[in-house]
């Protein structure tokens, strides 16, 4: 039947539209613009406590902070929508305190995550520095072995085809140097990969990525301590 098929298609279309629009009601659900909420419920939803202190945020894991960040972002979007609605209708809005608390909580979350990342980078830098010291010792040994191998090869080459006890000792020593050199290169292969960060230019002049999505172009003049010339206000009087 054509009418039955058309009604089925309309029902599916409504379901697709509803699934696509799902979540937009979060911008006013529970707020003053929500027609489904009563006045008492709206008043209870407007009552809030203090912002999250940094001491409690430090005890949270990265997943918990990530969830809390998006909860605050959702609440911030709701308040911004409500403020825009009140401004359009020329009605005074009284929820500026809630917005300030949300922004303060989000700033503290970023501060906790940033300090945690700095601490991890410091530990990683200390570990790399220790490996770099080991690598320098091994590189010094490698240099001395290669120099000794070149000297022995030159001495053996100067002896020509003549055989002697000294030439045999030089050959044995050269074989031992080569075996030690191979073992040393195996150890240096991993250490060179782990200490490649020392070959990167100064981080202050590189492009850095933050916790938020998007690229941040790091410029030298943005940091007050790195500015070559101090900026003074220009007076026209």
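Residue numbers (the numbering used here): 32 to 268.
Glycine included, C-beta positions come from ideal geometry on N, C-alpha and C.
query                                                                                                                                  : result
Beta-carbon contacts of residue 208 that lie in its chain and below 8 Å, excluding the five residues immediately before and after      : 176, 179, 180, 183
Residue 125 - DSSP class collapsed to helix/strand/coil                                                                                : coil
Cβ neighbour criterion (16 or more within 10 Å) applied to residue 154                                                                 : exposed
Spatial neighbours of residue 212 in its chain, beta-carbon cut-off 6 Å, leaving aside the 5 residues before and after                 : 176
Residue 215 versus residue 221: straight-line alpha-carbon distance, rounded                                                           : 11 Å
The segment 78-88 contacting the segment 132-142, beta-carbon criterion three pairs below 8 Å                                          : yes
Endpoints, the alpha helix (DSSP H) within which residue 83 is located                                                                 : No alpha helix (DSSP H) contains residue 83, which DSSP labels as neither H nor E.
Contacts around residue 162, its chain only, beta-carbon distance under 7 Å, and the 5 residues preceding and following it disregarded : 222, 225, 226
Status (buried if at least 16 other CB within 10 Å, exposed otherwise) for residue 133                                                 : buried
Supposed contact pair residue 77 and residue 126 - C-beta distance, whole angstroms, cut 8 Å                                           : 7 Å
Proximity winner among 114, 219, 104, relative to residue 164 (alpha-carbon distances)                                                 : 219
Nearest-angstrom Cα separation, counted from residue 100 out to residue 130                                                            : 14 Å
Residue range of the alpha helix (DSSP H) that includes residue 109                                                                    : 93-119
Assumed close pair residue 143, residue 104 - CB separation to whole angstroms, cut-off 8 Å                                            : Contact flag wrong, Cβ pair sits at about 16 Å.
Exposure label - residue 109; buried when at least 16 CB within 10 Å                                                                   : buried
Pick from 93, 189, 185, 135 that is closest to residue 147, judged by C-alpha positions                                                : 93
7 Å CB neighbourhood of residue 90 in its chain, flanking five on each side removed                                                    : none
Residue interval of the alpha helix (DSSP H) (run including residue 204)                                                               : 196-225
Three-state secondary structure (DSSP) of residue 135                                                                                  : helix
Rounded straight-line distance, which links the Cα of residue 128 to that of residue 135                                               : 11 Å
Which of helix, strand or coil DSSP assigns to residue 89                                                                              : coil
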